[in-house]
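Last residue of the sequence shown: 132 in the numbering used here, with the numbers rising by one and none dropped. What follows is one structure encoded as structure tokens, with my remarks underneath.
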Amino acid sequence: MVRILGIVGSPRKGGNTEILTEHLLKGAEEMEAETELVSLSDINLNYCR
Numbered sequence: 084m085v086r087i088l089g090i091v092g093s094p095r096k097g098g099n100t101e102i103l104t105e106h107l108l109k110g111a112e113e114m115e116a117e118t119e120l121v122s123l124s125d126i127n128l129n130y131c132r
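Here it is, written out as structure tokens:
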């Protein structure tokens, strides 16, 4: 089985990047791929010090 990870790096929730990525992953699911979406805006990332 194919596994696909979609990563959205945009800080804007519900923006074009997220919409397009969700659409692409939905198409992959229809082809029986296992998908996961990760939005970096949902993750609290600390900067390097």
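Glycine residues also receive a C-beta, built at the ideal position from the N, C-alpha and C atoms. This structure is a prediction, so every number in the text was calculated from the model and none was measured.
From the DSSP output, in three-state form, read off residue i for me.
i           : result
residue 126 : coil
residue 109 : helix
residue 115 : coil
Residues bridged to residue i by DSSP?
i          : result
residue 89 : 120
Please classify residue i as buried or exposed, where buried requires at least 16 neighbouring CB atoms within 10 angstroms.
i          : result
residue 85 : exposed
Once the 5 residues before and after residue i are set aside, which same chain residues still bring their CB inside 8 Å of it?
i          : result
residue 96 : 122 and 124
Could you name the residues of the same chain whose beta carbon sits closer than 6 Å to that of residue i, not counting the 5 residues immediately before and after it, in chain order?
i           : result
residue 116 : 85 and 87
residue 89  : 104, 108 and 120
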